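Scroll down for the structure; my scribbles are underneath it.
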Amino acid sequence: MTLPLQDNILIVDFGSQVTQLIARRVRESGVYSEIAPFNAAAEAFERLKPKGVILSGGPASVMWDDSPRAPQGIFEAGIPILGICYGQQTMMQQLGGKVEGGESGEFGRAFIEVKKRCALFDGLWTEGERHQVWMSHGDKVTQLAPGFEVVAVSEGAPYAITANEEKRFYATQFHPEVVHTPDGAKLLANFVRHVCGLAGDWTMAEFRATKIAEIREQVGEGRVICGLSGGVDSAVAAVLIHEAIGDQLTCVFVDHGLMRLGEAEQVVSLFREHYGIKLVHVNAEDRFLGGLAGLTDPEKKRKFIGGEFIAVFEEEAAKIGGADFLAQGTLYPDVIESVSFTGGPSVTIKSHHNVGGLPERMNMKLVEPLRELFKDEVRVLGKELGLPDIFVGRHPFPGPGLAIRIPGEVTKERCDILRKADAIYLEEIRNAGLYDAIWQAFAVLLPVRTVGVMGDHRTYDSVCAVRAVTSTDGMTADIYPFDAAFLSRVATRIINEVKGINRVVYDYTSKPPGTIEWE
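Reading the sequence shown from the start, the letters are residues 46 to 564 in this note's numbering.
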């Protein structure tokens, strides 16, 4: 069986840091989209047969001898094309226009003036109006390619928006995908739905049905094993696969003793009792805590936990026997980020806890049902599958668990102290109705002791830091502005109810310069 291709938009990536936002905006308008690096775009174009193409921005200059280019064939395919920033510049140059280096460039907020109507503006902008956009360019177009005309200008970009209505080619010097361009999402929706003529009927229900058919086709009569972490990604992947193949799936939940209060019990109850999924629950707390003894370097802690997880998982998989496939909760950003534009090394900020090393060692084929989805889309799919809101909507939790929220050595005693403090903090956030407004909130048990007074007695106990941030994708984050009364209530409860803590502080660090997690 060959599954039919769905209507889609191909996004050619030239290395912009916000290319993923283009894909998200297109999907938000109800149209499926995929990203392909410029050097693999020709193959992706042939495979996807898209109804339209968007050329992303990027850090290169079209005046470089080896600057990236769009496949020439897409300009000859008779489908609509939208070029953004660098995408506009390479489109102009490849089609016969000219681009030059700007003396000063244009960065940040700018205002464009609409000079002419075009299909991209239908129902949105009209002649004579001024609109805020977000610019980030040094080079600029100085001569249009044949057939193009100017439809909007800015102070620093006389060709802010250009159009070839006959060929349905459009180009913007600004970035419509970022929130700083208020009407940007509507412009992109106009392109994919009005210009490209797509219905905007791609839904998570449709994705669910298509993916179930794909899983059944891939797996056949084979058996699948899935490692559950307790997180949203592996949970949604497991439930989706179970819906497709039932008892051909076995899940292995490695409980490393580093989860939040009551979380391990919730995982077992949800998957074994509610969904009836075959689940092997491995209590490996002593094994993990024993291996962590004496480790204080965060990178060594992460690597030990990742390696030990693989070892335990392999042992349990061998006991089960007969599995042909390994299921993973790989997401679309993981797939995109694996592509290198330069082939050079990148600095490791933190090792990511993933079971990516398993397939080669275990001689299994991969089943990755979420590899086309962004994180927020996984949550929507989880709700579509009937996972409870308290599970689907929970804040991100790192694979190494509490081990990286306890700077210094990790012990069972310190884990138990942190679990209680964290539970109180999250309970207060939920009681205040703030949980869903926060991207991530958690407590950290610091390797610092301070003097305190409780009753008539001197104490010398640990400091607990609490952290809460807002974000859309975890790449950047701002602190959540709790009022003083809320923080005072949290501190009072933690100090009164958790033995071993006598001081609570709030982390006011944004990302950057800090990371969301402490380690």
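Just so it is clear, CB atoms sit at the ideal spot from N, CA and C, and this is done for glycine as well. Fair warning: this is a prediction, and the values are worked out from it, not measured in the lab.
By the Cβ neighbour-count rule, Asp246 is exposed, with fewer than 16 other Cβ atoms within 10 Å of its own. C-alpha of Gly229 to C-alpha of Thr135: approximately 21 Å in a straight line. Beyond the five residues adjoining it in sequence on each side, Glu158 comes within less than 6 Å, by CB distance, of Arg175, Val198 in the same chain, given in chain order. With a threshold of 16 other beta carbon atoms within 10 Å, Arg213 meets it and is buried. Here Phe59 carries a coil assignment [DSSP, helix/strand/coil]. A distance below 6 Å between beta-carbons, with the five flanking residues on each side excluded, links Ala205 to the following residues of its chain, in chain order: Ile157, Ala197, Val198, Ser199, Gln218. The Cβ atoms of Ile561 and Gln65 do not sit closer than 8 Å to each other. Between the C-alpha atoms of Glu359 and Glu413 there is a straight-line separation of about 19 Å. Here His287 carries a helix assignment [DSSP, helix/strand/coil]. Fully contained in the region 437–520 are the following beta strand (DSSP E) runs of length 3 or more, in chain order: 485–499, 502–515. Ranked by Cα distance from Gln263, the options Gln293, Asn235, Ala244 are led by Gln293. Distances from the CA of Leu189 to each of Asp421, Ile124, Gly141 were compared; the closest alpha carbon is that of Gly141. Look at the beta carbons and you see the region 264–279 not touching the region 102–114: under three pairs across the two are nearer than 8 Å.
Phe419 and Pro378 have their C-alpha atoms some 7 Å from each other.
Secondary structure note for Gly272: its beta strand (DSSP E) is the uninterrupted segment 269–273. A residue is called buried once 16 or more other Cβ atoms fall within 10 Å of its Cβ, and Thr295 is buried on that count. In the same chain as Met409, and ignoring 5 residues on each side of it, the C-beta atoms closer than 7 Å to its own belong to Ala368, Asp369, Phe370, Leu371, in chain order. Under the three-state reduction of DSSP output, Ser279 falls in the helix class. Pairing Phe354 with Val325 gives a Cβ-Cβ distance that is not under 8 Å.
Across the set Ile322, Glu88, Asn209, Lys231, the C-alpha of Lys231 shows the shortest separation from the C-alpha of Leu169. If you look at Ala216, you'll find it in the beta strand (DSSP E) that goes 214–217.
When beta bridges are read from the DSSP output, Tyr551 appears opposite Val511. Counting along the chain, Val195 sits inside no alpha helix (DSSP H); it lies in the beta strand (DSSP E) bounded by residues 194–199. Under the three-state reduction of DSSP output, Asn408 falls in the coil class, being neither helix nor strand.
Between Leu490 and Leu532, the C-beta spacing is not below 8 Å.
Counting along the chain, Asn541 sits inside no beta strand (DSSP E); it lies in the alpha helix (DSSP H) bounded by residues 529–542.
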